[in-house]
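Here the structure comes first, spelled out in structure tokens, and everything after it is commentary.
There are 2 protein chains.
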Amino acid sequence: MNTIIPFISRSDPAERAAWIAALERAMPTQSIRDFATLSKAEREQAMVAIVANPDPAELAQFLNLVWVQSLWAGVERIVQELPGTQLKIVRMVDPQLADTMAEAVLAWTLYLHRDMPRYRAQQARGEWLAQPLPLPRERRVSILGLGNLGILAAQRLMTHGFTLAGWSRSKYVVEGMDTYAGAVGLQDMLAQTDILIALLPLTPQTRGLLDGAALAAMPRGASIINFARGPILVEDALISALDSGHIDHAVLDVFDREPLPPGHAYWKHPSVTVLPHISAPTNQTTASAIVAAHMAAYFQSGVIPPSVDLTRGY
Amino acid sequence: MNTIIPFISRSDPAERAAWIAALERAMPTQSIRDFATLSKAEREQAMVAIVANPDPAELAQFLNLVWVQSLWAGVERIVQELPGTQLKIVRMVDPQLADTMAEAVLAWTLYLHRDMPRYRAQQARGEWLAQPLPLPRERRVSILGLGNLGILAAQRLMTHGFTLAGWSRSKYVVEGMDTYAGAVGLQDMLAQTDILIALLPLTPQTRGLLDGAALAAMPRGASIINFARGPILVEDALISALDSGHIDHAVLDVFDREPLPPGHAYWKHPSVTVLPHISAPTNQTTASAIVAAHMAAYFQSGVIPPSVDLTRGY
Chain A
1 MNTIIPFISR
11 SDPAERAAWI
21 AALERAMPTQ
31 SIRDFATLSK
41 AEREQAMVAI
51 VANPDPAELA
61 QFLNLVWVQS
71 LWAGVERIVQ
81 ELPGTQLKIV
91 RMVDPQLADT
101 MAEAVLAWTL
111 YLHRDMPRYR
121 AQQARGEWLA
131 QPLPLPRERR
141 VSILGLGNLG
151 ILAAQRLMTH
161 GFTLAGWSRS
171 KYVVEGMDTY
181 AGAVGLQDML
191 AQTDILIALL
201 PLTPQTRGLL
211 DGAALAAMPR
221 GASIINFARG
231 PILVEDALIS
241 ALDSGHIDHA
251 VLDVFDREPL
261 PPGHAYWKHP
271 SVTVLPHISA
281 PTNQTTASAI
291 VAAHMAAYFQ
301 SGVIPPSVDL
311 TRGY
Chain B
1001 MNTIIPFISR
1011 SDPAERAAWI
1021 AALERAMPTQ
1031 SIRDFATLSK
1041 AEREQAMVAI
1051 VANPDPAELA
1061 QFLNLVWVQS
1071 LWAGVERIVQ
1081 ELPGTQLKIV
1091 RMVDPQLADT
1101 MAEAVLAWTL
1111 YLHRDMPRYR
1121 AQQARGEWLA
1131 QPLPLPRERR
1141 VSILGLGNLG
1151 ILAAQRLMTH
1161 GFTLAGWSRS
1171 KYVVEGMDTY
1181 AGAVGLQDML
1191 AQTDILIALL
1201 PLTPQTRGLL
1211 DGAALAAMPR
1221 GASIINFARG
1231 PILVEDALIS
1241 ALDSGHIDHA
1251 VLDVFDREPL
1261 PPGHAYWKHP
1271 SVTVLPHISA
1281 PTNQTTASAI
1291 VAAHMAAYFQ
1301 SGVIPPSVDL
1311 TRGY
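Protein sequences, first through last, are from chains A and B. Residues 1 to 314 (my numbering) are what the first sequence spells out, left to right. Residues 1001 to 1314 (my numbering) are what the second sequence spells out, left to right.
Next comes the structure, spelled out in structure tokens:
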């Protein structure tokens, strides 16, 4: 007999249907049911639900809910929208996410290393011209942020042979790479960087970290990849540095406002690659497997996975 | 006292100067001298020279030359231009070449895997839209040609997590991947391929191997990377398959005629990435180090490295 597990989300119907299908593949003995298909009795019986940016008014109709499994890693919004709730919120922690981010870092580092934007521009002009190609060890790649994501990305880049450096607020030791910390350390590292990759969380300390002075510290012709958060990088400073040619190219996956507004200078800038926040999307297959494991443990023995500390918000 | 080593090449002056600088960095105790700077006496004294597509008329002025070190791996042209020569020709064999080719294979496989051409087109339209991203193990990448280059490239792709298959004329066993051989094997492999990478030598058997029937055997939406030789792929068949959408994208580094002629349909085709034969360029630093080792052995003990068999031509 299948257990009903409600699925509550403000995503569009196609995305909800895709999630329900992936969740059902991972839990064939459960019945994952979209909010709209549930009767009042079914809503009141449920003790657990799966959520992805849920509407608080919909959530409030589940009177006996003990906990919810979020499909997102970031739960700032649901925490904010449920003041004083007794509900336990379990966030998605999927090791695949760091792996996908390391893939994105490698993919777009190789994109810059192999001069793909320049070859694309040459193709548009019908120009046949080989660009110089340094060896990977001659390419200095620096990572801003040495958390879980930053260290895994650095290791992937080192496996490929690039020369790595890394910066974090406090000094870390990471095998195989030079590490820097603090404001002076940042200047020192930037001065020796060909490709800079931002993987920092957004905090009051990192907001605006990459400003005009930081960009000026980089060697002429360096490039930037921002896979962290838009406000880490000062937009006007970047556009000036790109226009002057001091910075050769920027790969931007995150922005001050998302989606990037129509007409923004980045869209048409020849030295900017605009990506729609896709560096490390949640994978429905691996995330559904994690949800399935949590549900099995709960239905078999009442175990609820570690939940969010609502006073800290994460 | 520096030994004079002549450098004889039809490359343009900037490229000759760059090579001479790289060679002198690798052999600081030798004097590498461009053909035009040598006196008649210096030409007649030289027993060894470094060549890169040399003019046979220039080469003929070196009356005591015993052997030449070519900077290129391919020596078909010099062999053809020196009929009946006693000169020993040493070709460049640089392990860096296979490593650079594996890098190119990984870089442009990730380019397709991460949908970079589609995001580029979306940026041009100002469109913000995330594309589905399979896990690397869900992406079936197949290599045509399991020589030194093909196997190293396959291993690099497996390290990244892609699902690999490979095809060669005779059946090989390669750990971690399915291998195929022969015409039936090719059809079987193509039917299960998302990204196909050509790394085959051009022979009478491989000319036109990727024709309309081969492309039709691939699943709709598959992509192709040609890093081998242009004539392996039938141009008209590829353009038809791209126009119909059966093949999603082609990354082409080699062509029937190079440079790719102005006005060729590939230049402006939205589903073609044109590269100017840059997948695995000779690296001046590593190639110069190999030349330096050969020169040191020759000047110290008269050893000439293995040279080209002029009857076979390689």
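Backbone N, C-alpha and C define an ideal beta-carbon position, used for all residues, glycine too.
**Asked** Going by the CB atoms, is the gap between Val1068/B and Asp1090/B shorter than 8 Å?
**Response** Along the second sequence, read from residue 1 onward, the residue named residue 1090/B stands at position 90. Along the second sequence, read from residue 1 onward, the residue named residue 1068/B stands at position 68. Residue identity check: residue 1090/B is Val in the sequence provided, not Asp. Yes. Within cutoff.
**Message:** Which residues in chain A have a C-beta closer than 7 Å to the C-beta of Val1274/B? List them in chain order.
**Reply:** Counted from its first residue, the second sequence places residue 1274/B at position 274. Within 7 Å Cβ-Cβ: Gln123.
**Request:** Could you tell me whether any Cβ in chain B is nearer than 8 Å to the Cβ of Gly166/A?
**Result:** For the purposes of this step, residue 166/A is taken as the residue at position 166 of the first sequence. No, Gly166/A lies away from the interface with chain B (no Cβ there is under 8 Å from its Cβ).
**Asked** Do the region 1136 to 1148 of chain B and the region 1159 to 1173 of chain B make contact, defined as three or more Cβ pairs closer than 8 Å?
**Response** yes
**Item:** Beta carbon proximity, Ala1130/B to chain A, threshold 8 Å
**Value:** On the second sequence, residue 1130/B is found 130 positions in, with the first residue counted as 1. Judged by the 8 Å Cβ criterion, Ala1130/B is in contact with chain A.
**Message:** For a quick check, are the C-beta atoms of Val1184/B and Leu1210/B less than 8 Å apart?
**Reply:** Position 184 of the second sequence, counted from the first residue, corresponds to residue 1184/B. Position 210 of the second sequence, counted from the first residue, corresponds to residue 1210/B. Against a cut-off of 8 Å, the Cβ pair of Leu1210/B and Val1184/B comes out as no contact.
**Asked** Near Ala154/A, what residues of its chain come up, given a Cβ to Cβ distance below 7 Å and the 5 sequence neighbours on each side ignored?
**Response** Within the first sequence, the letter at position 154 stands for residue 154/A. These residues qualify, in order along the chain: Ile143, Leu164, Gly166, Val174 and Met177.
**Prompt:** Who are the Cβ neighbours of Asp1188/B in its own chain at under 7 Å, not counting the five residues just before and after it?
**Reply:** Taking the second sequence and counting its residues from 1, one reaches residue 1188/B at position 188. Within the same chain, Asp1188/B has close Cβ partners Tyr1180.
**Request:** Over the uninterrupted alpha helix (DSSP H) stretch that includes Gly291/A, give me the two end residues.
**Result:** Against the first sequence, residue 291/A aligns to sequence position 291. Just to set this straight, residue 291/A is Val in the shown sequence, not Gly. Its alpha helix (DSSP H) spans residues Gln284 to Ser301.
**Request:** Using a Cβ cut-off of 8 Å (strictly closer), state whether Gly126/A contacts chain C.
**Result:** Absent from the structure: chain C. Protein chains present are A and B.
**Request:** Please name the residue, chosen from Arg1016/B, Ile1232/B and Met1218/B, that lies closest to Leu1190/B on a Cα-to-Cα basis.
**Result:** Numbered from its first residue, the second sequence carries residue 1190/B at position 190. Out of Arg1016/B, Ile1232/B and Met1218/B, Met1218/B has the C-alpha closest to the C-alpha of Leu1190/B.
**Prompt:** Anyone know if the C-beta pair for Pro1117/B and His1269/B falls short of 8 Å?
**Reply:** Numbered from 1 along the second sequence, position 117 holds the residue referred to as residue 1117/B. Numbered from 1 along the second sequence, position 269 holds the residue referred to as residue 1269/B. Not closer than 8 Å, so no.
**Item:** Segments assigned beta strand (DSSP E), at least 3 residues, entirely inside the region 1170 to 1215 of chain B
**Value:** 1178 to 1181 and 1195 to 1198
**Prompt:** In angstroms, rounded to a whole number, what distance separates the CA positions of Trp72/A and His264/A?
**Reply:** The residue labelled residue 72/A in the question sits at position 72 within the first sequence. The residue labelled residue 264/A in the question sits at position 264 within the first sequence. Cα to Cα, Trp72/A sits roughly 28 Å from His264/A.
**Request:** Within the region 29 to 64 of chain A, note down every full alpha helix (DSSP H) run reaching 4 residues or more, in order along the chain.
**Result:** 40 to 45 and 56 to 59
**Request:** Alpha carbon to alpha carbon, how far is Leu1038/B from Pro1006/B? Give it in angstroms, no decimals.
**Result:** As a working note, residue 1006/B is residue 6 in the second sequence. As a working note, residue 1038/B is residue 38 in the second sequence. Their backbone Cα atoms lie some 8 Å apart in a straight line.
**Item:** Interface residues of chain B facing Asn283/A [CB-CB closer than 7 Å]
**Value:** Your numbering for residue 283/A matches position 283 in the first sequence. What Asn283/A touches in chain B: Leu1135.
**Item:** Alpha carbon of Trp267/A to alpha carbon of Met1047/B, nearest angstrom
**Value:** The sequence position of residue 267/A within the first sequence is 267, counting from 1. The sequence position of residue 1047/B within the second sequence is 47, counting from 1. Going by the C-alpha atoms only, they are around 60 Å apart.
**Asked** Quick one, which of Ala121/A, Leu63/A, Asp115/A and Thr273/A has its alpha-carbon nearest Arg139/A's?
**Response** Here residue 139/A is taken as the residue at index 139 of the first sequence, counted from 1. Closest by alpha carbon: Asp115/A.
**Contacts that Tyr119/A makes with chain B (C-beta to C-beta distance below 9 Å)** = Here residue 119/A refers to the residue found at position 119 when the first sequence is read from its first residue. Neighbours of Tyr119/A on chain B, chain order: Thr1273, Val1274, Leu1275, Pro1276 and Ile1278.
**CB of Ile4/A within 8 Å of CB of Glu42/A, strictly** = Walking along the first sequence from the start, residue 4/A turns up at place 4. Walking along the first sequence from the start, residue 42/A turns up at place 42. Yes, the Cβ-Cβ distance between Ile4/A and Glu42/A is below 8 Å.
**Asked** Can you find a CB in chain B that lies within less than 8 Å of the CB of Ala228/A?
**Response** By one-based count along the first sequence, residue 228/A stands at place 228. No - not a single Cβ of chain B is within 8 Å of the one on Ala228/A.
**Request:** Pick out whichever of Ser1307/B, Asp1309/B, Val1079/B and Ala1293/B has its Cα sitting closest to the Cα of Pro1028/B.
**Result:** As a first step, residue 1028/B must be located in the second sequence, where it is residue number 28. For the residues Ser1307/B, Asp1309/B, Val1079/B and Ala1293/B, the minimum Cα distance to Pro1028/B belongs to Ala1293/B.
**Request:** Would you kindly check if the distance between the Cβ of Trp1128/B and the Cβ of Pro231/A is under 8 Å?
**Result:** As a working note, residue 231/A is residue 231 in the first sequence. As a working note, residue 1128/B is residue 128 in the second sequence. Contact: no.
**Request:** Starting from Asp248/A, trace the beta strand (DSSP E) both ways and give me its first and last residue.
**Result:** Position 248 of the first sequence holds residue 248/A. Looking at the DSSP string, the run of the beta strand (DSSP E) that includes Asp248/A is Ile247 to Leu252.
**Request:** Would you identify the three-state DSSP class for Gly166/A, choosing helix, strand or coil?
**Result:** In the first sequence, residue 166/A corresponds to position 166, counting from 1. DSSP places Gly166/A in strand when its eight states are reduced to three.
**Item:** Pro201/A classed as buried or exposed, judged by whether at least 16 other C-beta atoms fall within 10 angstroms
**Value:** Within the first sequence, residue 201/A is the residue found at index 201, counting from 1. The residue in question, Pro201/A, is exposed, as its Cβ has fewer than 16 Cβ neighbours within 10 Å.
**For Leu1310/B and Ile1065/B, the rounded distance between their alpha carbons** = Position 65 of the second sequence, counting from 1, holds the residue named residue 1065/B. Position 310 of the second sequence, counting from 1, holds the residue named residue 1310/B. Before going on, a small fix: residue 1065/B reads as Leu here, not Ile. Roughly 17 Å separates the two Cα atoms.
**Asked** Distance, Cα to Cα, Ala49/A vs Ile8/A?
**Response** Taking the first sequence and counting its residues from 1, one reaches residue 49/A at position 49. Taking the first sequence and counting its residues from 1, one reaches residue 8/A at position 8. Each residue's alpha carbon lies about 7 Å from the other.
**Item:** For Leu1242/B, the three-state DSSP class (helix, strand or coil)
**Value:** Translated into the one-based positions of the second sequence, residue 1242/B becomes position 242. Here Leu1242/B sits in helix by DSSP.
**Message:** Please report whether the beta-carbon of Pro1095/B lies at a distance below 8 Å from any beta-carbon of chain A.
**Reply:** Within the second sequence, residue 1095/B is the residue found at index 95, counting from 1. Chain A contact via Cβ: absent.
**Request:** Return the chain-ordered list of same chain residues with a C-beta closer than 6 Å to the C-beta of Gln61/A, the five sequence neighbours on each side being excluded.
**Result:** Along the first sequence, one-based indexing puts residue 61/A at 61. Cβ within range, chain order: Arg43.
**Asked** Taking only beta-carbon atoms, is Tyr111/A less than 8 Å away from chain B?
**Response** As a working note, residue 111/A is residue 111 in the first sequence. It does; some Cβ of chain B falls within 8 Å.
**Request:** Mind listing the chain A neighbours of Pro1262/B? Cutoff is C-beta to C-beta under 7 Å, in chain order.
**Result:** Counted from its first residue, the second sequence places residue 1262/B at position 262. What Pro1262/B touches in chain A: Gly126.
**Message:** Just to check my reading of the structure: Val1274/B and Gln123/A have Cβ atoms closer than 8 Å, yes? What is that Cβ distance to the nearest angstrom?
**Reply:** Indexing the second sequence from 1 puts residue 1274/B at position 274. Indexing the first sequence from 1 puts residue 123/A at position 123. Correct: roughly 5 Å between the Cβ atoms.
**Item:** Length of the line joining the Cα atoms of Phe299/A and Ser70/A
**Value:** As a first step, residue 299/A is located in the first sequence; it is residue number 299 there, counting from the start. As a first step, residue 70/A is located in the first sequence; it is residue number 70 there, counting from the start. Using only the alpha carbons, I get a separation of about 17 Å.
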